[in-house]
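J.: The structure under discussion is supplied below as structure tokens; questions concerning it will follow.
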Amino acid sequence: MSGLKIFIPEKYQYMPPKKIFLARAGAVYSKILNDETLMEVANRIYLRGLDIARPVVYWEVFKKHQLPENAVPGIYKTYETFLICVSTLGAEIDEEIERLSHISTLEAALLDAWGSEALEKLNDSFEETFKKQNNSKLTMRFSPGYGDLHISVNKIYVELLGIADKVRVLDTGLMIPRKTTACIVGIGE
């Protein structure tokens, strides 16, 4: 495998469980079930997220020698082959969260929580698809900003994939669109 690949999911592959999305927003699901108004707002925001998200995973498989040493976390140093991916929900989610923040803090917070959980679901779905299609065993995902993998490594991953025109990495290591994650995964034999 070589060269940039793109995974564009079906809606079900990035639909977060409603209970989880609401928990991320700090809500207790059992209490919201009994509040018709809150449930209506949560449902509307959930559907809005599905409508405006433009999810995509950019990915490529690399050999260890192709990667800078600081781009591989210490716990993966024994692996020889790596999957690097950058997943995003697109700029539309960021724009809608910003728009809603001027109208309703609740709706903006709910969409922000929905986006975080949708991104996690997207990553899980991509990982499962990759494992099945490539008959691979994978380590857990490891993202810059955790452990010994500095957040600035986001820029390295974006550059390795050649997607700087799609995902911008700030000097802080944060990425734009905001609902974007980068990760490295060790591929087992």
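With the sequence shown counted from 1, adding 2 to any position gets you this note's numbering. Even for Gly, the Cβ is constructed at its ideal location relative to N, Cα and C. None of these values were measured; they are calculated from a predicted model.
Between Phe94 and the rest of its own chain, which residues show a CB-CB distance below 8 Å, the 5 nearest in sequence each way excluded?
T.: As a position in the sequence shown, residue 94 is number 92, starting the count at 1. Note on identity: in this sequence residue 94 is Glu, with Phe being the wrong assignment. Cβ neighbours of Glu94 beyond the five flanking positions: Ile54, Ala55 and Arg56.
J.: Should Asp173 go down as buried or exposed, given a rule of 16 or more other Cβ atoms within 10 Å for buried?
T.: The residue labelled residue 173 in the question sits at position 171 within the sequence shown. Asp173 should be labelled exposed.
J.: Rounded to whole angstroms, what is the Cα-Cα separation between Ile8 and Phe84?
T.: The residue labelled residue 8 in the question sits at position 6 within the sequence shown. The residue labelled residue 84 in the question sits at position 82 within the sequence shown. Their backbone Cα atoms lie some 16 Å apart in a straight line.
J.: Measuring alpha carbon to alpha carbon, tell me which residue in Thr183, Ile165 and Tyr48 is nearest Ala111.
T.: Numbered from its first residue, the sequence shown carries residue 111 at position 109. For Ala111, the nearest C-alpha among the options comes from Tyr48.
J.: Could you pull out every unbroken alpha helix (DSSP H) segment of at least 4 residues lying fully inside the region 29 to 106, listed in chain order?
T.: 31 to 35, 38 to 54 and 93 to 103
J.: Measure the C-alpha to C-alpha separation of Arg180 and Val169 and round it to an integer number of angstroms.
T.: Position 178 of the sequence shown, counting from 1, holds the residue named residue 180. Position 167 of the sequence shown, counting from 1, holds the residue named residue 169. Approximately 9 Å, taken between the alpha carbons.
J.: Is it true that the region 12 to 22 meets the region 117 to 135, where meeting means three or more beta-carbon pairs spaced less than 8 Å apart?
T.: yes
J.: Only counting the same chain, and skipping five residues up and downstream in sequence, which positions put a Cβ closer than 6 Å to that of Glu100?
T.: As a first step, residue 100 must be located in the sequence shown, where it is residue number 98. The answer is none, since no qualifying residue turns up.
J.: For the alpha helix (DSSP H) holding Val155, just list the boundary residues, first then last.
T.: Taking the sequence shown and counting its residues from 1, one reaches residue 155 at position 153. Counting along the chain, the alpha helix (DSSP H) containing Val155 begins and ends at Val155 to Leu163.
J.: Kindly indicate which three-state DSSP category Ala184 falls into: helix, strand or coil?
T.: Your numbering for residue 184 matches position 182 in the sequence shown. If DSSP states are grouped into helix, strand and coil, Ala184 belongs with the strands.
J.: Which class does Gly117 belong to by DSSP, given the choice of helix, strand or coil?
T.: Numbered from its first residue, the sequence shown carries residue 117 at position 115. Residue state, collapsed to three classes: helix.
J.: Which word fits Ser32, buried or exposed, when buried means at least 16 other C-beta atoms lie within 10 angstroms of its C-beta?
T.: Position 30 of the sequence shown, counted from the first residue, corresponds to residue 32. It counts as exposed.
J.: Compute the beta-carbon to beta-carbon distance between Thr141 and Gly188, rounded to the nearest angstrom, for a pair I have assumed lies under 8 Å.
T.: Your numbering for residue 141 matches position 139 in the sequence shown. Your numbering for residue 188 matches position 186 in the sequence shown. Contact flag correct, Cβ pair sits at about 4 Å.
J.: For Ile158, does the count of other Cβ atoms within 10 angstroms reach 16, so buried, or fall short, so exposed?
T.: Here residue 158 refers to the residue found at position 156 when the sequence shown is read from its first residue. Classification for Ile158: buried.
J.: In the DSSP assignment, what are the bridge partners of Lys139?
T.: For the purposes of this step, residue 139 is identified with residue 137 of the sequence shown, where counting begins at 1. In the DSSP output, where bridge partners are listed per residue, Lys139 has Gly190.
J.: Roughly how many whole angstroms lie between the Cα atoms of Thr90 and Val74?
T.: On the sequence shown, position 88 is the one that residue 90 refers to. On the sequence shown, position 72 is the one that residue 74 refers to. Roughly 21 Å separates the two Cα atoms.
J.: From which residue to which residue does the beta strand (DSSP E) around Ile10 run?
T.: Along the sequence shown, one-based indexing puts residue 10 at 8. Per DSSP, Ile10 belongs to no beta strand (DSSP E) and is neither H nor E.
J.: Could you tell me the alpha carbon to alpha carbon distance between Asp114 and Glu130, rounded to whole angstroms?
T.: Locating residue 114 in the sequence shown gives position 112, counting from the first residue. Locating residue 130 in the sequence shown gives position 128, counting from the first residue. Using only the alpha carbons, I get a separation of about 25 Å.
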